[in-house]
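Q: Residue numbers (this note's numbering): 633 to 706.
Please read through the structure below; I'll follow up with questions.
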Ligand SMILES: [Zn+2]
Ligand SMILES: [Zn+2]
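Structure (structure tokens):
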């Protein structure tokens with residue numbers, strides 16, 4: 633993944649959603665025990681090490697900001 637884009641996105645999200653509680657997604661409020669689930673029954677995971685942004689929200693914001701899909705490093 634493009635590190636620079638990740639930083640830009642993080643700054644954007646952290647500014648827009650300043651409320652932080654460790655272990656709770658700052659955007660959707662999901663937690664380890666109540667994660668987001670998509671139609672394929674995949675659950676979200678943490679994108680940030682402080683566990684305040686989940687992968688589903690991250691991908692949503694990423695698409696919105698950069699008009700492209702997230703490409704994860706293999
Ligand atoms: Zn979330
Ligand atoms: Zn989530």
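Every residue, glycine too, gets a C-beta built ideally from N, C-alpha and C.
(1) Kindly examine ligand 1 and report whether one of its heavy atoms sits closer than 7 Å to the Cβ of residue 688.
(2) Output the distance between the C-alpha atoms of residue 677 and residue 705, rounded to the nearest integer angstrom.
(3) If you draw a straight line from the alpha carbon of residue 647 to that of residue 703, how long is it in whole angstroms?
(4) With a threshold of 7 Å, establish whether the CB of residue 693 neighbours any heavy atom of ligand 1.
(5) Please name the residue, chosen from 696, 641 and 686, that lies closest to residue 674 on a Cα-to-Cα basis.
(6) Measuring straight from C-alpha to C-alpha, what distance separates residue 693 and residue 641?
A: According to the structure shown:
(1) yes
(2) 15 Å
(3) 23 Å
(4) no
(5) 686
(6) 8 Å
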